[in-house]
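Student:
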Amino acid sequence: MRLNSLCKPASALTIGGATIDVILPVVDSNIALAGKHDVPFINFAAGGGAVNAATVLNKLGRNVSAYCAIGDDPEGELLCARLTQVGISLDKVEIIENAKTGRAVISVQKDGDVAIFADRGANLSLDGKALTKQVHTDLLYISSVPDLALESIFDFICHIAPEDMSVAWNPGSGQIRSGGSVFTKLLECTDILLMNAEEAATVLNLQRGQMVTSSAKESCLELMRGSKAHVCITDGANGVWIGKNGEIFHQSAFSGRVASAVGAGDTFGATFAHFITNGVEPRQAARWAVHNAHASLAGYDAVSQSLSEKTLANRVAS
């Protein structure tokens, strides 16, 4: 069956972080802290959870808006220009006066591992109040949001949004550290939960009140108990575990050159959400999502190397 026959054009609204990423390749892991060092390049890119997911969903053919907060500064203008350039709507972008646009410095090691140093800036002012009955979307994709926005998000999902709207949630560090009522409340209204193995283990340990070592598979099994959601636990080169309604399966990752691992999780999550909410069978959706995440590893920035729907179909079929 052709991919385009499965997936109809649909809309998506992503909520969460927006940053200007400064990408710095580290050519020597033993580099001295003092002195000046030459690097092959220093790149600037649009990043943050909401922007990354919006970019991936846009490439897959969705009509996408990003709901995020930026500062009234040159970095904010650059971010808006990048979003406009790739066709993402700015109608939900909030400009926060006297705040600076979020920034992140991403240090990329030779093996593709990254260290990220983030100044969240205007992202901390996102309050979620633009989620009103005038908002209509097929897919609501929630990434890292400040606690300030949670009440409005809950209210929108539970009382305002249409019943056929799907909710995908890739929780941020604040929601993960809560581990309790906030996490449980969000999980109850989520159709797709997206976490990495370390994040899932952290949530479960907080809920247990004790430190227990859990594998990605064990975390997936425990998190899907009593949940209606597709629970996706990514584990880097070890692939991903996906479970729902007591059934669980594993999708392997693909080997190959890695320029940078930044954004691979966002690419997987947005791609999986796209296909699942278009009625694609979970194992097939996972396979396509892993293919797209693997493609994103070829770029130093987060998602510029993610694929269009047509290119992804050809990649999967080959």
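According to my numbering, the residues represented by the sequence shown are -10 to 307, in order. The C-beta atom is built at its ideal place from N, Cα and C for all residues, glycine as well.
1. I'd like to know whether the C-beta atoms of residue 57 and residue 115 end up nearer to each other than 9 Å.
2. What span of residues does the beta strand (DSSP E) with residue 220 cover, start to end?
3. Identify whether residue 185 lies in helix, strand or coil by the three-state DSSP scheme.
4. Leaving out five residues on either side along the sequence, give the residues of the same chain with a beta carbon under 6 Å from the beta carbon of residue 206.
5. Can you tell me whether residue 3 is helix, strand or coil according to DSSP?
6. Is the beta carbon of residue 251 sitting closer than 9 Å to the one on residue 103?
7. Let me make sure I understand the geometry here. Which of 13, 303, 53 and 107 has the alpha-carbon closest to that of residue 126?
8. Grab me the residues of residue 276's own chain with a C-beta within less than 7 Å of its C-beta, minus the 5 sequence neighbours each way, in chain order.
9. Are residue 158 and residue 182 closer than 9 Å when you measure CB to CB?
10. What's the call for residue 105, buried or exposed, on a 16-neighbour Cβ count within 10 Å?
11. Nearest CA to the CA of residue 319: which residue from 187, 156 and 154?
12. Please classify residue 286: is it buried, with 16 or more other beta-carbons within 10 angstroms of its beta-carbon, or exposed?
13. For residue 155 and residue 26, what's the separation of their Cα atoms in angstroms?
14. For residue 125, does the three-state DSSP call read helix, strand or coil?
15. What's the gap between the Cα of residue 235 and the Cα of residue 214?
16. Might you give, ordered along the chain, the residues of its own chain that have their beta carbon closer than 7 Å to the beta carbon of residue 171, omitting 5 neighbours on each side?
17. Which full runs of the alpha helix (DSSP H) of 4+ residues lie inside the region 200 to 274, going along the chain?
18. Taking Cβ to Cβ, would you say residue 76 is nearer than 9 Å to residue 7?
19. Using three-state DSSP, classify residue 287 as helix, strand or coil.
20. So, helix, strand or coil for residue 136, using DSSP?
21. To the nearest whole angstrom, what separates the beta carbons of residue 179 and residue 45, a pair I think is in contact under 8 Å?
Tutor: Working from what's here:
1. Contact flag set, yes.
2. Its beta strand (DSSP E) spans residues 219 to 223.
3. In the structure shown, residue 185 sits in a strand (DSSP, three-state: E or B).
4. Excluding residues within five positions, the ones whose Cβ falls inside 6 Å are 230.
5. DSSP places residue 3 in strand when its eight states are reduced to three.
6. Yes, the pair counts as a contact, with Cβ atoms nearer than the cut-off.
7. Residue 53 is the option with its Cα nearest to residue 126.
8. Taken in chain order, the residues that qualify are 240 and 305.
9. Cβ atoms of residue 158 and residue 182: closer than 9 Å.
10. The residue is exposed, with fewer than 16 neighbouring Cβ atoms inside 10 Å.
11. Absent from the structure is residue 319, since the part of the chain shown begins at -10 and ends at 307.
12. Buried is the call here.
13. Straight-line Cα distance between these residues: approximately 48 Å.
14. Correct three-state label for residue 125: coil.
15. Between residue 235 and residue 214, the C-alpha separation is close to 7 Å.
16. Excluding positions up to five away in sequence, the list reads 139 and 164.
17. You should have 205 to 212 and 253 to 265.
18. No, they are not a contact pair.
19. Residue 287: coil per DSSP, three-state reduction.
20. In the structure shown, residue 136 falls within a helical segment according to DSSP collapsed to helix, strand and coil.
21. Not really, about 19 Å apart at Cβ, beyond 8 Å.
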